[in-house]
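Colleague: Pasting in a structure now, in structure tokens, and then I'll have a few things to ask.
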Amino acid sequence: MVRTQIYLTEVEQQALRVLSRRTGRSQSELIREAVDQLIAKSEKPDRKALLQQARGIWQGREDLPDFAALRRELDRSGPDAS
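See below:
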């Protein structure tokens, strides 16, 4: 681990101290967890992997409209249709 110094407001420091006492975890551990969550949240998801995970999720559903027929109907009645 690398030692890092940060500046907190008094309100942040007090809240961190209370959370540390309440959870029994060190302030450093709580800060590292918060930084890890921020990094994970800001990382761009792998679009291809997400699409592969979603593949087939509607397969076999009987409660969905016939999207091909719906699309054909919309194409016929679109703004450029005569």
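UniProt numbering numbers the first residue of the sequence shown as 1 and each following residue consecutively.
Glycine residues also receive a C-beta, built at the ideal position from the N, C-alpha and C atoms.
Just so we're clear, the structure is a prediction, and the values are computed from it rather than from any experiment.
Are the Cβ atoms of Gln-5 and Leu-16 separated by less than 7 Å?
Modeller: By 1-based counting over the sequence shown, the position of residue 5 is 5. By 1-based counting over the sequence shown, the position of residue 16 is 16. Not closer than 7 Å, so no.
Colleague: Does Lys-41 get closer than 7 Å to chain C when you measure Cβ to Cβ?
Modeller: Of the protein chains in the structure, only one exists, and it is not chain C.
Colleague: Let's see if you can read the secondary structure: which residues bound the alpha helix (DSSP H) around Val-35?
Modeller: Along the sequence shown, read from residue 1 onward, the residue named residue 35 stands at position 35. Element bounds for Val-35: 27-42.
Colleague: Going by DSSP in three states, Glu-62 sits in which element: helix, strand or coil?
Modeller: Translated into positions along the sequence shown, residue 62 becomes position 62. In the structure shown, Glu-62 sits in coil (DSSP, three-state: anything other than H, G, I, E or B).
Colleague: Please state whether DSSP places Arg-55 in a helix, a strand or coil.
Modeller: Mapped onto the sequence shown, residue 55 falls at position 55. Coil at Arg-55, not helix or strand.
Colleague: Helix, strand or coil: how does DSSP classify Arg-3 here?
Modeller: Locating residue 3 in the sequence shown gives position 3, where the first residue counts as 1. DSSP places Arg-3 outside both helix and strand once states are collapsed to three, so it counts as coil.
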